[in-house]
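Each remark here refers to the structure printed beneath this line.
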Amino acid sequence: MSDKIESKKKCKKYIEKCIEEYIETHLVELKRKFINIDGLVSKEEYDEKCQAFDEKKEQVEQLEQNLAACEKEKQNIEKRLKEKTKECDERSSNYNELKMQQKELKQELDVCREEKEKAEKALEAGKKTLEDAAEIKKQLADYEKCYGEIEKIYQEYQTLSDDVRTEIKGLFGRANTPISFFCCALQEDRLDKFWDYICNKINNRQLEQTQVQCLCRIFDFCFDRVNDSQQYPLYKRLDIQRNIPFDSRWMRKTSDSSQLGIVQAVELSGYSHAVSGKIVKYSLVTVGKGEQ
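Under my numbering, think of the first position of the sequence shown as 68, with each following residue one higher.
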């Protein structure tokens, strides 16, 4: 029994030794079989592939990070796009509103232009009216001035005595209004006769000095109106000064003047034709000795 056990032990040891020798002999092959080393690469290649794998892994992780960042950026862009779209919609709405306001303003502008044109036309018409009114006012002022002068000289005519007015009735007619008096004062053919009448009254000393002066002023008025009624003045008054020697070429003495002396007073100014210079009426002067 012990031999049998001993044999078993020896057999076991032998088998273990054979196995150990087989393993040592066929270790590389066994390794290849157990780990399928024929289907693998060398350690250098393995390390390279591991390194490449790690690099790829890092790249993938980086790509995933980039993808996440892109996704976040995409969301931000979408958000901004949404905001911009909203802003564009608001601007589009504002644009449409502004277009409507522009249209309304254009219509208002057209109305304003029409009103401006009407106002300018009215202004021009107003200016023309003002100019016409100013001209009428000027004419009225001239008429008032002229009529005022007529009225004034007519009032002087009214201060003449009844006898004097009766005597010159042939020159002035009834002359019971300023206008009728003015119409008579314009008559050129009566000017010489009126001057002769005044000259005669002065020479004869038949009137008071105030009446003579009044007649002289009326004659001056008639003289000016006759000239004004013509295109060019017909007559020119003789300019005789006091205290100059008597000159018969221009003057005639009053009946009570001295034979010699100088002009002491111009009683009634004479006049000549404006163009030819021919004397029509000589100035009536008072001559005396010594200066006055």
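For each residue, glycine too, the CB sits at the ideal point set by N, CA and C.
Straight-line CA distance for residue i to residue j?
i: Leu351; j: Ala332; result: 9 Å
i: Glu334; j: Thr353; result: 7 Å
i: Cys266; j: Cys281; result: 13 Å
i: Asp263; j: Asp314; result: 20 Å
i: Asn270; j: Ile203; result: 47 Å
i: Lys149; j: Glu128; result: 31 Å
i: Glu87; j: Lys79; result: 12 Å
i: Asn294; j: Cys179; result: 57 Å
i: Gln273; j: Glu234; result: 13 Å
i: Asp199; j: Lys170; result: 43 Å
i: Gln118; j: Leu130; result: 18 Å
i: Glu154; j: Lys194; result: 55 Å
i: Arg232; j: Thr196; result: 46 Å
i: Val279; j: Tyr299; result: 29 Å
Determine the contact status of residue i and residue j, defining contact as a CB-CB distance below 7 Å.
i: Ala341; j: Leu305; result: no
i: Cys289; j: Ala242; result: no
i: Ile285; j: Tyr338; result: no
i: Lys356; j: Ser325; result: yes
i: Tyr214; j: Phe248; result: no
i: Glu261; j: Leu227; result: Correcting the residue identity first, residue 261 is Phe in this sequence and not Glu. It is not a contact, given that the beta carbons lie outside the stated cut-off.
i: Arg319; j: Tyr349; result: yes
i: Ile311; j: Val330; result: yes
Please classify residue i as buried or exposed, where buried requires at least 16 other C-beta atoms within 10 Å of its C-beta.
i: Tyr245; result: The amino acid occupying residue 245 in the given sequence is Pro; Tyr does not appear at that position. Buried is the call here.
i: Ser322; result: exposed
i: Leu258; result: buried
i: Ser336; result: buried
i: Arg147; result: exposed
i: Arg316; result: exposed
i: Ile217; result: buried
i: Arg292; result: buried
On the three-state DSSP scale, how would you describe residue i?
i: Glu275; result: coil
i: Gln331; result: strand
i: Ile144; result: helix
i: Val293; result: helix
i: Arg284; result: helix
i: Ser74; result: helix
i: Glu356; result: The question names Glu, yet the displayed sequence has Lys at residue 356. Looking at Lys356 - three-state DSSP - the assignment turns out to be coil, as it is neither helix nor strand.
i: Leu134; result: helix
i: Val127; result: helix
i: Leu238; result: helix
i: Lys84; result: helix
i: Tyr338; result: strand
i: Ile346; result: strand
i: Tyr299; result: coil
List in chain order: all unbroken alpha helix (DSSP H) runs of 4+ residues lying wholly within the segment 148 to 236. Counting only runs of 4 or more, we get 229 to 234.
Length at least 3, wholly inside the segment 241 to 272: the beta strand (DSSP E) runs in chain order: DSSP runs (the beta strand (DSSP E)) wholly in the segment 241 to 272: none.
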